[in-house]
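In the working numbering, the protein residues as written are 274 to 393.
Built from N, CA and C at the ideal position, the CB exists for glycine as well.
Below you'll find the structure, written out as structure tokens, and then a few comments.
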Amino acid sequence: MYQIFNILDRPIVLDKKATEYCETTGKLFSVKDYCELIPRHFKNVKDIGVTLRSDPEITDYEKVVFEAVVDDDDLDGILRREAEFYIEAYSQIPLEILKEFVLTVRIHHAKIKITMGSHA
């Protein structure tokens, strides 16, 4: 079972584990809202992937990881837009849900990856 949202005129696919976890915990609508915020704050988003990952340091703690691939090499701009992204995310998505969301921004055609937690 996979969940698909259409954002940026392309499908955003949640993998099977992420779909099942978000459906059983009531986070599916928040996942869609979170995905919609990404292209509002980051330039030239090429893709958004959503997966469920276990935290190796915390037993039984899983987090929903959003990987946004952007065609933008302005690192200072990406970090500035990250702050703006979280201001809007906090205003739209409950804090208890945001604590389980992690945003990773990967620069298209580069080996740079910026991982941003919930900051909660």
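For Gly299, no beta strand (DSSP E) segment is defined, and its DSSP state is neither H nor E.
In the displayed model, Glu357 falls within a helix according to three-state DSSP.
For Glu340, the beta-bridge partners assigned by DSSP are Gly322, Thr377. In this structure, Phe374 sits away from Ala341, with a CB-CB distance that is not shorter than 8 Å. Here the C-alpha atom of Asp282 lies approximately 38 Å from the C-alpha atom of Thr332.
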